[in-house]
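Chemist: Quick one: structure below, then a few questions.
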Amino acid sequence: MCAISQLPFDHLWPDSAEIRDHRLVIAGCDIGRLAAQHGTPLTVFDEATIVNAIAAYKNGLGAYSAERSIHYAAKALLNTAIAQLMLREGIGIDVVSLNELALVRHAGVDLARVHFHGNATPSAELAQAMAWGVGCLIIDNLSQLTSVIALSHRLQQPQAVMLRVAPDVVAGGHAHIQTGHKASKFGMPPDAIGSAIDQLNAAPGLQLIGLHAHIGSQIRDSEPLVAMVDCLLDIAHSEHDRVGWQIQELCVGGGLAVPTSATEQPVSIAAYCDRLVSKVAEACAQRRLTLPRLSIEPGRSLVARAGVAVYTVTGSKPRADAPDFLHVDGGMGDNIRPSLYNTSYEALRVDSADVPAVSNYAVAGRYCESADVLIKSVALPPTRPGDLLAVPAAGAYTLSMASNYNGIGRPAVLLLRNGVAHLIQRRETAIDLALPGQLHSICQIGFSPCRYCPSQPSIV
Ligand code: LLP
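Using this note's numbering, the first residue of the sequence shown is number 18, and each one after it goes up by one.
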């Protein structure tokens, strides 16, 4: 008989997480054993948590009486397995670069179901995306519109587009992730949309299907959402009156908050969808607009809670006036969020998950920067070098924003399903870091031979 106990800060863990015999288990996989097998830092994802979040969005939007679609915002986390999971679950994807588009194309995603974003996308990337038949280009600004019109003349093929509006709504958990206000680099002010529509009307290859806004991330309340919908539908209404343009799609972006610390409350996907669906229906009725297709682009709320980062404690440092440091083998290279947004995370001892905490520690990363402190204070049982720490709610904007600072490879990534761990991204090694970008190019310009090109002459 194994002893099962309650996880602390229960709302931060994947749906399938549990403690068995004092050890952290996710999707039936013993996390300590996976760390021994794959090394640390390691990030594990519970597939069921992602699937359940998608189902919650599908159910919630089910109440909308016209068409609706979900596009996963791949910037939160992207690799081939995740793209294929979204494909299997029948949702579209939102990408921001040609490399992301190439990855999802390679994964087998139908590009007709992809939104392509970006405020400063190079024209060559836009051209390739259009040539590949990307479903919809979200045009961010008037100068990008000029480029897209020129490309459309050159390519001579139809392309659906939406216009991104900055509705002058302030929302988002940190100034860095607010995108809907007037001063934002993203989107066009409402009074620029008329001119954009006139230019699109004169560009027969481009079909303006709708309006888009993404006002920020880590949003907890519904007022900004309501204000954004009113703004977009006011534009749709006045453009209908002015030039007879009919909005076919309304895309409200993503942004739903996910807690990372014990004191933050969870935000309900069902409640968000309820509010969105009723607001759009009511706002369209008030303006006598036909209900457009309603699309959303959730990123964090599909993957954040599914992901758990696992680190090994490599050492410690006592401090007189603050919690002692535990040093770990990862840090800002695999999770920049504490240093960039002051985000708080929690941690648990992987093999003593239900042992009562006795003291507070700070968890410091291994990177050469004082800001590299993953957790300022967390209560743990006595913890020593060699112990493993698991950090929950670490699945979004961690690996996708990872760096190779200090020449450290990005972690291995596992997808856990029914007691089986699938390696979906292997740990980067010295060769991954050095060969493609550096050693080989130095070798090619003749500074020194690299061991991969023994015939290259050396001048040093
Ligand atoms: N749609 C668009 C156009 C976006 O720019 C974003 C996120 C999303 C959807 C998805 O938003 P989500 O549901 O994930 O909040 N690095 C920051 C987050 C930046 C979000 C950028 N755009 C962080 O770590 O908090």
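For each residue, glycine too, the CB sits at the ideal point set by N, CA and C.
(1) Spatial neighbours of alanine 8 within its chain, please: C-beta separation below 6 Å, excluding the five flanking residues on both sides.
(2) Mapping DSSP to helix, strand and coil, what is asparagine 377?
(3) Is the beta carbon of isoleucine 155 less than 8 Å from the beta carbon of alanine 188?
(4) Please state whether the Cβ-Cβ distance between leucine 450 and asparagine 421 is less than 8 Å.
(5) In angstroms, rounded to a whole number, what distance separates the CA positions of proline 283 and serine 361?
(6) Find out if the Cβ-Cβ distance for the pair serine 169, glutamine 161 is shorter than 8 Å.
(7) Would a C-beta distance cut-off of 8 Å place lysine 393 and alanine 379 closer than the cut-off?
(8) Have a look at histidine 257 and alanine 124 and give me their C-alpha separation to the nearest angstrom.
(9) Classify alanine 34 as buried or exposed, calling it buried when 16 or more other Cβ atoms lie within 10 Å of its own Cβ.
(10) For the beta strand (DSSP E) containing serine 356, list its first residue and its last residue.
(11) CB-CB under 7 Å to aspartate 404, same chain, minus the five flanking residues each way: which ones, in chain order?
(12) Can you check the region 274 to 327 for any alpha helix (DSSP H) of at least 4 residues that lies completely inside it and give the ranges in chain order?
(13) Could you please give me the residues that DSSP links to methionine 179 through a beta bridge?
(14) Give the single residue among Phe26, Gly271 and Ile252 whose Cα lies nearest to the Cα of arginine 304.
(15) Heavy atom of ligand 1 less than 7 Å from the Cβ of glutamine 235, yes or no?
(16) Arginine 40 lies in the beta strand (DSSP E); which residues open and close that run?
(17) Report the three-state DSSP secondary structure of threonine 60 (helix, strand or coil).
(18) How big is the Cα-Cα spacing for leucine 120 and alanine 98?
(19) Taking the alpha carbon of leucine 95 as the point to measure from, which residue in Thr446, Pro399 and Leu431 has its own alpha carbon closest?
(20) Which of helix, strand or coil does DSSP assign to leucine 250?
(21) To the nearest angstrom, how far is the alpha carbon of proline 221 from that of cysteine 268?
(22) Judging by CA-CA distance, which residue of Arg85, Asp157 and Ser318 is the nearest neighbour of proline 31?
(23) Is it the case that the CB of leucine 24 approaches a heavy atom of ligand 1 more closely than 7 Å?
(24) I'd like the span of the alpha helix (DSSP H) that includes lysine 54, first residue to last.
(25) In three-state DSSP terms, what is alanine 411?
(26) If you run the structure through DSSP and keep just helix, strand and coil, what is glutamine 442?
(27) Could you have a look at histidine 170 and say whether DSSP puts it in helix, strand or coil?
(28) Can you tell me which of the three DSSP states isoleucine 87 falls into?
(29) Could you tell me if serine 369 is buried or exposed, where buried requires 16 or more neighbouring beta carbons within 10 angstroms of its beta carbon?
(30) Among the residues of its own chain, which have a CB less than 7 Å from the CB of proline 537, if the five just before and after it don't count?
(31) What do you reckon, are the CB atoms on isoleucine 226 and tryptophan 262 nearer than 8 Å?
(32) Serine 312: which of Tyr89, Ala93 and Arg171 sits nearest, CA to CA?
(33) May I ask you to check if the CB of glutamate 386 is nearer than 7 Å to at least one heavy atom of ligand 1?
(34) Ignore the nearest five residues each way along the sequence and tell me which others in alanine 52's own chain have a CB closer than 8 Å to its CB.
(35) Which whole-angstrom value describes the C-beta separation of valine 182 and alanine 230, a residue pair presumed to lie in contact below a C-beta threshold of 8 Å?
(36) Between the Cα of proline 190 and those of Val61, Leu250, Gly272 and Arg171, spot the shortest distance and give me the residue it belongs to.
Modeler: Inspection of the coordinates gives the following:
(1) No information on residue 8 is available, as it lies outside the stretch 18 to 477 that the chain covers here.
(2) Here residue 377 is taken as the residue at index 360 of the sequence shown, counted from 1. Strand, per DSSP.
(3) By 1-based counting over the sequence shown, the position of residue 155 is 138. By 1-based counting over the sequence shown, the position of residue 188 is 171. Contact: no.
(4) Here the question's residue 450 lines up with position 433 in the sequence shown. Here the question's residue 421 lines up with position 404 in the sequence shown. Cβ atoms of leucine 450 and asparagine 421: closer than 8 Å.
(5) In the sequence shown, the residue the question calls residue 283 occupies position 266. In the sequence shown, the residue the question calls residue 361 occupies position 344. Going from the Cα of proline 283 to the Cα of serine 361 covers about 15 Å.
(6) Counting from 1 along the sequence shown, the entry for residue 169 is found at position 152. Counting from 1 along the sequence shown, the entry for residue 161 is found at position 144. No; because the gap between Cβ atoms is not below 8 Å, this pair is not in contact.
(7) The residue labelled residue 393 in the question sits at position 376 within the sequence shown. The residue labelled residue 379 in the question sits at position 362 within the sequence shown. Their beta carbons are under 8 Å apart, which means lysine 393 touches alanine 379 by this criterion.
(8) Taking the sequence shown and counting its residues from 1, one reaches residue 257 at position 240. Taking the sequence shown and counting its residues from 1, one reaches residue 124 at position 107. Cα to Cα, histidine 257 sits roughly 39 Å from alanine 124.
(9) Stepping through the sequence shown from its first residue, residue 34 is reached at position 17. Buried is the call here.
(10) Within the sequence shown, residue 356 is the residue found at index 339, counting from 1. Premise fails: serine 356 lies in the alpha helix (DSSP H), 354 to 358, not in any beta strand (DSSP E).
(11) Against the sequence shown, residue 404 aligns to sequence position 387. So the qualifying residues of the chain are Val330 and Arg366.
(12) 286 to 303 and 317 to 320
(13) What you label residue 179 is simply residue 162 of the sequence shown in a count that begins at 1. Methionine 179 pairs with Ile155 and Gly227.
(14) Counting from 1 along the sequence shown, the entry for residue 304 is found at position 287. Among Phe26, Gly271 and Ile252, the Cα nearest to that of arginine 304 belongs to Ile252.
(15) To locate residue 235, count along the sequence shown from 1; it is residue 218. Distances from the CB of glutamine 235 to the heavy atoms of ligand 1 include at least one below 7 Å.
(16) Residue numbering aside, residue 40 sits at position 23 when the sequence shown is read from its first letter. 40 to 43 is the span of the beta strand (DSSP E), which, as asked, contains arginine 40.
(17) Here residue 60 refers to the residue found at position 43 of the sequence shown. Threonine 60 falls in the strand class under three-state DSSP.
(18) Taking the first residue of the sequence shown as 1, we reach residue 120 at position 103. Taking the first residue of the sequence shown as 1, we reach residue 98 at position 81. Approximately 10 Å, taken between the alpha carbons.
(19) As a working mapping, residue 95 is identified with position 78 in the sequence shown. With distances taken between Cα atoms, leucine 95 lies closest to Leu431.
(20) Locating residue 250 in the sequence shown gives position 233, counting from the first residue. Helix, per DSSP.
(21) Sequence index remark: in the sequence shown, residue 221 carries index 204 (1-based). Sequence index remark: in the sequence shown, residue 268 carries index 251 (1-based). Looking at the two C-alpha atoms, the distance is approximately 23 Å.
(22) Residue mapping note: residue 31 aligns to position 14 of the sequence shown, counting from 1. Of Arg85, Asp157 and Ser318, the residue nearest in Cα terms is Ser318.
(23) The residue labelled residue 24 in the question sits at position 7 within the sequence shown. Result no, Cβ not under 7 Å from ligand 1.
(24) Looking up residue 54 in the sequence shown gives position 37. As written in the sequence, residue 54 is glutamine, which differs from the lysine given in the question. Per DSSP, glutamine 54 belongs to the alpha helix (DSSP H) from 48 to 55.
(25) Locating residue 411 in the sequence shown gives position 394, where the first residue counts as 1. In this structure, alanine 411 counts as coil in the three-state DSSP scheme.
(26) Here residue 442 is taken as the residue at index 425 of the sequence shown, counted from 1. Glutamine 442: strand per DSSP, three-state reduction.
(27) For the purposes of this step, residue 170 is taken as residue 153 along the sequence shown, with counting starting at 1. In the three-state DSSP reduction, histidine 170 falls in the helix class (H, G or I).
(28) Indexing the sequence shown from 1 puts residue 87 at position 70. Looking at isoleucine 87 - three-state DSSP - the assignment turns out to be strand.
(29) By 1-based counting over the sequence shown, the position of residue 369 is 352. By the neighbour-count criterion, in which 16 or more other beta carbons inside 10 Å mark a residue as buried, serine 369 falls on the buried side.
(30) In the structure displayed, the chain extends from 18 to 477; residue 537 sits before or after that span and is not available.
(31) Within the sequence shown, the letter at position 209 stands for residue 226. Within the sequence shown, the letter at position 245 stands for residue 262. Cβ atoms of isoleucine 226 and tryptophan 262: not closer than 8 Å.
(32) Counting from 1 along the sequence shown, the entry for residue 312 is found at position 295. Of the candidates Tyr89, Ala93 and Arg171, the residue whose Cα lies closest to the Cα of serine 312 is Tyr89.
(33) Within the sequence shown, numbered from 1, the residue matching residue 386 stands at position 369. Taking 7 Å as the cut-off, one finds no heavy atom of ligand 1 near enough to the beta carbon of glutamate 386.
(34) For this step, residue 52 is matched to residue 35 along the sequence shown. Contacts found: Leu59, Val327, Thr329, Val367 and Leu405.
(35) One-based indexing of the sequence shown puts residue 182 at position 165. One-based indexing of the sequence shown puts residue 230 at position 213. Their Cβ separation, rounded to whole angstroms, is 5 Å, which keeps valine 182 and alanine 230 in contact under 8 Å.
(36) The count along the sequence shown starts at 1 and reaches residue 190 at position 173. The identity of residue 190 in the sequence shown is glycine, whereas the question assumes proline. Taking only the C-alpha atoms, the option nearest glycine 190 is Gly272.
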